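Please read the structure below before turning to the comments.
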Amino acid sequence: MVSRNEIENSLRYEGGRSRRWLLAYAASLSSIPLLGRTSWADSSPTFSNDPFTLGVASGDPDSSSVVLWTRLAPEPLTPDGGMPNQAVQVTWELATDESFQSIVASGVTSATPQLGHSVHVEVEGLLPDRWYWYRFHAGEATSPVGRTRTFPDAHVLPDQLNFAVTSCQNYEQGLYTGYEQMARDGVDVVYHLGDYIYEYEAGRNGKVRTHHGKEIQTLADYRIRHAQYRSDPLLHGMHAQCPWIVTWDDHETDNNYASDISEQEYVESADFLVRRANAYQAYYEMMPLRSSCLPRGPEMQLYRKSKFGKLADFLVLDTRQYRSDQPNGDRKSAINAEALANTQSMLGQTQRNWMYQQLIRSESKWNVLAQQVMMGMVDRNSGSKAGADTPNYSMDQWPGYSYERMQLMHFLAERKISNPVVLTGDIHSAWVNELRVDDRRDSDPIVATEFVATSLSSGGNGHEVPKHLDRLVANNQCVKYHNTARGYIRCRVTPETWHADYMITDEVLKPGGKTVAGASYVVESGNPAVHSA
1 MVSRNEIENS
11 LRYEGGRSRR
21 WLLAYAASLS
31 SIPLLGRTSW
41 ADSSPTFSND
51 PFTLGVASGD
61 PDSSSVVLWT
71 RLAPEPLTPD
81 GGMPNQAVQV
91 TWELATDESF
101 QSIVASGVTS
111 ATPQLGHSVH
121 VEVEGLLPDR
131 WYWYRFHAGE
141 ATSPVGRTRT
151 FPDAHVLPDQ
161 LNFAVTSCQN
171 YEQGLYTGYE
181 QMARDGVDVV
191 YHLGDYIYEY
201 EAGRNGKVRT
211 HHGKEIQTLA
221 DYRIRHAQYR
231 SDPLLHGMHA
241 QCPWIVTWDD
251 HETDNNYASD
261 ISEQEYVESA
271 DFLVRRANAY
281 QAYYEMMPLR
291 SSCLPRGPEM
301 QLYRKSKFGK
311 LADFLVLDTR
321 QYRSDQPNGD
331 RKSAINAEAL
341 ANTQSMLGQT
351 QRNWMYQQLI
361 RSESKWNVLA
371 QQVMMGMVDR
381 NSGSKAGADT
391 PNYSMDQWPG
401 YSYERMQLMH
411 FLAERKISNP
421 VVLTGDIHSA
431 WVNELRVDDR
441 RDSDPIVATE
451 FVATSLSSGG
461 NGHEVPKHLD
471 RLVANNQCVK
481 YHNTARGYIR
491 CRVTPETWHA
501 DYMITDEVLK
511 PGGKTVAGAS
521 YVVESGNPAV
531 HSA
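Letter 76 of the sequence shown, counting from 1, is numbered 76 in the UniProt record's numbering, and no numbers are missing.
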């Protein structure tokens with residue numbers, strides 16, 4: 001093992017981590033095997049219960065390929081999922097029809113105990129802009145059928161894209177009612193922007209249903225928590241409807257963590273990175289991600305590009321793994337010298353440079369940043385009488401990293417990036433924001449549009465009209481819409497317009513809730529100003 005002195009002496013590079021140490025530290029952990037073929041895998045397994053309790057999923061489509069996912073877990077709330085400590089053969093099939101009369105691709109892969117008996121199949125050679133159906137077989141068991149699709153060819157300008165944006169689904173605080181309507185919406189793809197699970201101990205955060213066990217720390221803990229969430233029939237039912245493109249926020253690991261820094265002051269970086277390695281591996285195991293995202297100990301590259309023809313480029317960002325520690329002790333405060341320091345980074349240099357390169361090269365009509373925390377610089381104290389004269393900005397969000405944020409807005413404006421749009425989660429409330437270089441200066445021109453999805457369940461039932469809404473909007477020129485109800489965003493994008501419906505779920509504390517379209521907003525190509533639909 002690497003000694004603590006070696007660890008402490010090597011914490012030297014961006015985000016407080018040494019790359020040399022990270023590679024050595026990753027090697028000192030239990031090794032994660034590459035996805036691959038194992039000739040010794042059991043070809044005729046038997047199971048105590050249905051091994052497909054967690055359903056199926058697909059993700060990260062491009063114009064010729066897609067990832068198919070499942071995980072064998074006949075006893076999902078046990079550390080090993082009820083599986084033996086050996087590899088198991090899994091057969092997969094992809095067809096152009098739901099009845100599998102026309103199978104266009106199939107194969108055999110292995111579900112290994114080292115990766116929690118998860119399966120990630122990258123199916124290549126598919127036709128662009130097509131729907132497909134898929135399923136898995138293990139022993140005598142057959143999985144549910146999933147539906148997936150490829151995206152249009154990179155050189156084609158599609159007529160439209162329909163997709164949903166969601167985040168924040170605390171299992172204890174609410175039912176996943178919104179997914180019922182989302183499944184009826186017939187979207188092409190779902191973008192999940194983080195807080196897929198919550199790490200808290202049982203009973204800490206709600207009374208609707210209860211987490212299994214204490215606050216999660218070990219790989220077994222994270223596997224069980226993911227399995228508990230994925231066991232929800234509405235969640236894994238929506239996964240089976242269409243491909244998902246996912247990124248994490250904080251609760252997939254630990255609330256408000258920053259790089260190798262835990263929210264708890266007494267936790268040392270070396271210890272936290274062990275926890276982060278556990279969290280990252282479990283996340284990979286449970287998500288329909290490509291092998292390029294396979295973690296190496298406490299490192300996992302999740303930022304990547306998703307391209308829907310020449311209609312839209314989506315840059316999926318990671319605002320947790322590489323960020324600087326939150327300024328001002330992570331307490332709401334004014335945008336002061338700490339928040340404006342040019343050393344503060346949400347993205348880290350490598351990811352930021354990659355993002356700029358992708359934006360420069362883009363030939364698409366719309367350029368989208370799919371990320372976690374709100375970019376609008378919103379003064380929260382302006383929403384109430386008490387302390388309204390004292391600016392109060394979230395330091396965990398982009399205002400805490402104002403220099404990098406302003407440089408990004410400068411870049412979008414100066415390089416004339418076509419139709420920049422920011423998609424955001426995290427905040428358990430819905431917002432529409434018009435973004436400027438400095439949102440505190442109303443005279444600055446509008447550069448981009450931000451659509452912030454509320455939580456699907458976190459926070460329980462919210463309010464469609466929050467208190468002090470008029471005052472908050474009046475004192476924050478960037479804010480065009482805000483509520484704290486539960487729900488998601490449904491988007492329809494064409495070459496001419498971006499139409500966003502804010503879907504509102506009226507009840508998540510008990511069954512029977514309904515989800516309907518509330519406010520709707522439109523952005524026209526070439527003009528980032530937002531209008532009510």
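C-beta atoms are modelled at their ideal positions from N, C-alpha and C, and glycine is treated no differently. As the structure is a computational prediction, the values presented were derived from the model and not from experiment.
If I follow the unbroken alpha helix (DSSP H) through residue i, where does it start and stop?
{"i": "Gly178", "result": "Gly178 to Asp185"}
Residue i by DSSP, collapsed to three states: which one?
{"i": "Asn381", "result": "helix"}
{"i": "Ile417", "result": "coil"}
{"i": "Ser118", "result": "strand"}
{"i": "Trp398", "result": "helix"}
{"i": "Arg149", "result": "strand"}
{"i": "Gly513", "result": "coil"}
{"i": "Gln86", "result": "coil"}
{"i": "Arg204", "result": "coil"}
{"i": "Ala27", "result": "Bear in mind that a pLDDT of 45 at Ala27, under 50, signals an unreliable position, so the number given afterwards is only what the model happens to contain. In this structure, Ala27 counts as helix in the three-state DSSP scheme."}
{"i": "Tyr403", "result": "helix"}
{"i": "Pro233", "result": "helix"}
{"i": "Phe100", "result": "coil"}
{"i": "Ala529", "result": "strand"}
{"i": "Tyr521", "result": "strand"}
{"i": "Ile245", "result": "strand"}
{"i": "residue 561", "result": "Nothing about residue 561 can be reported from this structure: the residues present for the chain run from 1 to 533 only."}
{"i": "Leu94", "result": "strand"}
{"i": "Ile216", "result": "coil"}
{"i": "Leu126", "result": "coil"}
{"i": "Trp21", "result": "Unreliable placement is indicated for Trp21, whose pLDDT of 47 sits below 50; no coordinate value is reported for it."}
{"i": "Ile360", "result": "helix"}
Looking at the unbroken beta strand (DSSP E) that takes in residue i, where does it start and where does it end?
{"i": "Leu369", "result": "Trp366 to Ala370"}
{"i": "His226", "result": "That residue, His226, is in no beta strand (DSSP E); its alpha helix (DSSP H) goes Leu219 to Arg230."}
{"i": "Gly107", "result": "Ile103 to Ala111"}
{"i": "His192", "result": "Val189 to His192"}
{"i": "Pro51", "result": "Here Pro51 belongs to no beta strand (DSSP E), and DSSP marks it neither H nor E."}
{"i": "Tyr132", "result": "Trp131 to Ala138"}
{"i": "Thr166", "result": "Leu161 to Thr166"}
If residue i sits next to residue j, beta carbons under 8 angstroms apart, how far is it from one beta carbon to the other, in whole angstroms?
{"i": "Tyr521", "j": "Ala529", "result": "About 10 angstroms separates the two Cβ atoms, so there is no contact after all."}
{"i": "Thr497", "j": "Val523", "result": "7 angstroms"}
{"i": "Asp50", "j": "Pro74", "result": "6 angstroms"}
{"i": "Arg380", "j": "Tyr393", "result": "7 angstroms"}
{"i": "Tyr191", "j": "Phe151", "result": "Not a contact, Cβ separation roughly 13 angstroms."}
{"i": "Leu289", "j": "Val67", "result": "7 angstroms"}
{"i": "Asp80", "j": "Pro113", "result": "7 angstroms"}
{"i": "Asp318", "j": "Leu302", "result": "5 angstroms"}
{"i": "Leu161", "j": "Asp188", "result": "6 angstroms"}
{"i": "Val508", "j": "Arg492", "result": "Actually they are not in contact, since the Cβ atoms of Val508 and Arg492 sit about 25 angstroms apart, beyond 8 angstroms."}
{"i": "Val119", "j": "Trp69", "result": "6 angstroms"}
{"i": "Gly139", "j": "Pro45", "result": "4 angstroms"}
Please tell me whether residue i and residue j are closer than 8 angstroms, where the distance is taken between their beta carbons.
{"i": "Asp439", "j": "Met374", "result": "no"}
{"i": "Leu54", "j": "His236", "result": "yes"}
{"i": "Ala448", "j": "Leu435", "result": "yes"}
{"i": "Tyr283", "j": "Glu252", "result": "yes"}
{"i": "Asp56", "j": "Leu72", "result": "One detail in the question is off: residue 56 reads as Val in this sequence, not Asp. Their beta carbons are not under 8 angstroms apart, which means Val56 does not touch Leu72 by this criterion."}
{"i": "Gly174", "j": "Ser458", "result": "yes"}
{"i": "Asn353", "j": "Asp313", "result": "no"}
{"i": "Ala339", "j": "Gly400", "result": "yes"}
{"i": "Leu126", "j": "Ser58", "result": "no"}
{"i": "Ala370", "j": "Val316", "result": "yes"}
{"i": "Thr505", "j": "Thr177", "result": "yes"}
{"i": "Thr166", "j": "Tyr488", "result": "yes"}
{"i": "Trp248", "j": "Gly194", "result": "yes"}
{"i": "Thr91", "j": "Val104", "result": "no"}
{"i": "Cys478", "j": "Asn433", "result": "yes"}
{"i": "Gln344", "j": "Ser324", "result": "yes"}
{"i": "Cys168", "j": "Asp426", "result": "yes"}
{"i": "Gly309", "j": "Asp153", "result": "yes"}
{"i": "Asn256", "j": "Asp396", "result": "yes"}
{"i": "Arg275", "j": "Gly116", "result": "no"}
{"i": "Gly146", "j": "Ala240", "result": "yes"}
{"i": "Ile417", "j": "Leu359", "result": "yes"}
Any beta carbon from chain B within less than 8 angstroms of residue i's own beta carbon?
{"i": "Trp92", "result": "Here chain B cannot be found, since the structure has a single protein chain."}
ask   = What runs of the beta strand (DSSP E), each 3 residues or longer, lie entirely inside the stretch 436-510?
value = 448-452, 479-483, 486-493 and 497-505
key: Any alpha helix (DSSP H) of 4 or more consecutive residues that is wholly inside the stretch 268-356   = Whole alpha helix (DSSP H) segments, 4+ residues: 269-286 and 337-340.
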